[in-house]
Amino acid sequence: MFEILEKERISPGVNRAVIAAPDIARAHRPGQFIILRAHKNGERIPLTIADKDAEKGTITLVWQEVGATTYYMGTMCVGDRLQDVCGPLGKPTHIEKFGTVVVVGGGIGVAPLYPITQAIYEAGNRVISILGARTDGLLLMVEDMKKVSHDTLICTDDGSSGFHGLVTEVLQRLIDEGAKLDLCVAIGPVIMMKAVVNVTRKVNLPTVVSVNPIMVDGTGMCGSCRVEVGGKTLFGCVDGPEFDGFKVDFDLLMKRMSMYKGPELIALNKFRETQAGSQCPSPEETQ
Amino acid sequence: MTDGERKKPKRPAIPRQKMPEQDPIERAHNFYEVALGYDNDLALLEASRCLQCKKPVCVTKCPVEVDIPDFLAMIKAGDLIGASWKLKEKNSLPRIAGRVCPQESQCEAVCTLRKGGKGEPCAIGRLERFVGDWAALHGEGKTPELPEPTGLKVGVVGSGPAGLTLAGALIKQGVAVTVFEALHELGGVLVYGIPEFRLPKAIVRAEVDELRNLGVEFKTNWVIGRIETVDDLLEKKKFDAVFIGTGAGAPLFLKIPGENFNGVYSANEFLTRANLMKAYLFPESDTPVARGRRVVVFGGGNVAMDSARTALRLGADEVTIAYRRTMDELPARAEEVHHAVEEGVKFRLLTAPVAILGNETGWAVGVRCQKMQLGEPDESGRRRPIPIPDEYLDIECDTAIVAIGNAANPLVPSTTRNLETNKWGNIVADLETGKTSKDRVWAGGDIVTGAATVILAMGAGRKAALSMMQTFGIS
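So the sequence lines, in the order shown, correspond to chains P and R.
The letter at position 92 of the first sequence is residue 91 when you use the numbering used here, and the numbering goes up by one with no holes.
The letter at position 406 of the second sequence is residue 413 when you use the numbering used here, and the numbering goes up by one with no holes.
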């Protein structure tokens, strides 16, 4: 189980892999995620499902190399197996006909945004996508997103592609131009989601964000993924991963997500020093 | 009892045999098992203390009704294989029960040898452990003969003590069993909660392997309520019955300011990282856990003791248990408290946390506590702690562990149609049979009773298995 059937590097430090996981593919609904362990001493990390094919029995994962597990996965190749994949987890996205929905994806956040956008699109909504990255080479899944959007607006921090600026500036412009929007879905770095909410709150545009806190079991048993929403402590894994953006305490979320920064670097350095990757040639150094 | 009084058996001169343990100073820095177990000589000596009462009250106090005098007599006679089989007739997990059962409040509490508290009970738990370990090492001479398959199949949600016990009982009656486990390892609380130094994970693995060899199927990474529901198991997968043994599994927090600062853990998370994810081996194991210098644990149960002793082994300079009552009311097993004290865990009694103090980077730096005094007894019979106005103290800490219990995890109840739960979210089930409000669904263990003990969960698993067999007409 959990064999890697396809794998490619889609931008520097970002990989995409198709994994054999028929039961998860069958049960998955947009917005849900999985928790995996890459190898037998591996950590349990949550990753969102970027796509699935229920008939072929596969799920697609897209991940950025940031820590020991994600770097290790970068060294895995077709034919390798992930040790454990558990899912689907979390509540599915609430999908209905809202009207016009603006979806905002920043960096790696476009991967989890894609299946949600697809579902929103298929439910008969008008979809405007705003996709941003630091630079052109880091823009993800643009062609996929275009297929499920009526309008796709691209922006980069350095101006190498599309609008020269942040997703929030594009969103603000859209609002200023008088676009009638009924819902915003924003997924990306916490700082981006916080900034998006600061824009949408002013015009009272309901905004859904998807959080990715540190998790262990993913079933509500441990409480590692505590998120404060409207002053209440909720669990990202079972109450989320999607929450009302107006109510999320993003500053707390950022602090909690940095809890293991030191150990994460120790684990990463150990991985690099021991070259304890899979048998594939190690990935080119990036960033 | 009348038998005992009439015959007036003389108390044997042999004292209760101590079980060798690792030295407290040494063990406080390693994760090896604390208690080392009896050898043959000690076991024979201890077993010979049993009076073989005609009406063994010890059996009636055992949640799974092990035939205690019989297996003790077999040890005394040197028939350890026989003793092992005798044990396993009622308890398929003797190595686990022998280690984590609170015998002092069950079988050993009523042992005739205790007579008015003047004597010491026969060490039934230690002997159970001895027999289980002996059989695992030496084999049992025969593999159990399984009956013809009945064609019935039962799905078990959760691979903790309740589910494993039920699986063992049913497979021996020719019922096919599939156990679904959410985590990547089997055993539930036995692998994520109870620390290695109290219950080595190799033992849980061996007990699970034994069930697998008997034909029980296990599916890990399988979250019922997400990947499929209990209704799917009954309707789509055509299971004849389902047993829900998911455990309590939703950590309670104190609901005080600052509880989401970094360094504040539920005991579940702290122990899961340390045990299941082997954070004590970090970075050989990828999963980290805060290695606090000063650790405060809130609560007074076994989980609080486990958390404190784990923190000590992870290298903490000082570990303090803050408890709002006194030593007399601690709900933890006396043995666990004794071990914690021996290893250097400190107790702050009549102390209740009111706020976690943090710094600007979001890390806990201390805890503000209010002093308490004991008032009148409450419903539990323990004296109620009452806050003393304006008496506060701050305890410095970098890690705080909340071990005040678990609520029912709603994942399975909320995704199962027509399954009745009570106001706390626990599944309503008959305590004698495990039957729920839903046809063909049984439940047992902490998801029914709220957080309790491993052996009570095993007892619930056994009762549910018997009830299922009766329902199927195969008992």
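Don't be surprised by glycine CBs; every beta carbon is placed ideally from N, CA and C.
Using a 10 Å radius around the Cβ and a threshold of 16 neighbouring Cβ atoms, would you call T423/R buried or exposed? buried
In this structure, how does DSSP classify S10/P when only helix, strand and coil are distinguished? strand
So if I threshold CB-CB distances at 7 Å, which residues from the stretch 293 to 311 of chain R count as touching chain P? D293, T294 and P295
Using CA atoms only, rank isn't needed, just tell me which of L100/R, A339/R and F305/R is closest to T406/R. F305/R
Per DSSP, what are the beta-bridge partners of V84/P in this structure? L35/P
Restricting to Cα atoms, I'd like to know which of V409/R, D238/R, A471/R and L43/R is closest to N425/R. D238/R
Beta bridge counterpart(s) of I58/P as assigned by DSSP: I18/P and K51/P
C-beta atoms of V374/R and I402/R nearer than 7 Å: yes
So, does the stretch 75 to 94 of chain P touch the stretch 165 to 181 of chain P, judging by three or more C-beta pairs under 8 Å? no
Residue-chain proximity (I408/R, chain P), Cβ-Cβ < 7 Å: no
Return helix, strand or coil for P417/R, following the three-state DSSP convention. coil
At least three beta-carbon pairs within less than 8 Å, the stretch 102 to 116 of chain P to the stretch 182 to 190 of chain P: yes
Do you know offhand how far K243/R's Cα is from I115/P's? 28 Å
Measure from the C-beta of L267/P to each C-beta in chain R and report whether the shortest distance is under 7 Å. no
Best match in V455/R, E203/R, Q59/R and A20/R for proximity to E127/R [C-alpha to C-alpha]: A20/R
For G56/P and L364/R, I'd like the C-alpha separation in whole angstroms. 49 Å
Since T232/P meets chain R, which of its residues come closer than 9 Å, beta carbon to beta carbon? F260, K262, E266 and N267
Give the list of continuous beta strand (DSSP E) stretches no shorter than 3 residues that lie fully inside the stretch 179 to 231 of chain R. 183 to 187 and 224 to 226
Restricting to runs no shorter than 4 residues, where is the alpha helix (DSSP H) found entirely within the stretch 255 to 285 of chain R? 274 to 281
With a 10 Å radius around its C-beta and 16 neighbouring C-beta atoms as the bar for buried, classify R434/R as buried or exposed. The question names Arg, but residue 434/R is Ile in the sequence shown. So I434/R counts as buried.
Mind checking which residues open and close the alpha helix (DSSP H) that includes G379/R? A small fix is needed here, since residue 379/R is Met in this sequence, not Gly. Element bounds for M379/R: not the alpha helix (DSSP H) but the beta strand (DSSP E), A371 to P384.
Could you tell me the alpha carbon to alpha carbon distance between E325/R and A467/R, rounded to whole angstroms? 39 Å
By Cβ distance, which residues of its chain are closer than 8 Å to F289/R, with the 5 residues on each side in sequence left out? P295 and V296
Once the 5 residues before and after R298/R are set aside, which same chain residues still bring their CB inside 7 Å of it? L321 and G322
If distances are taken between C-alpha atoms only, which option among T368/R, P394/R, Q380/R and V303/R comes closest to V352/R? V303/R
The alpha helix (DSSP H) enclosing A50/R, as first and last residue numbers: N47 to A54
Is the beta carbon of E72/R sitting closer than 7 Å to the one on V66/R? yes
Determine, using beta carbons only, whether T253/R and Y199/R come nearer to each other than 7 Å. no
Within-7 Å CB hit, M256/P to chain C: The structure shown contains no chain C; its protein chains are P and R.
State the Cα-Cα distance for the pair P168/R and G44/R, rounded to the nearest angstrom. 22 Å
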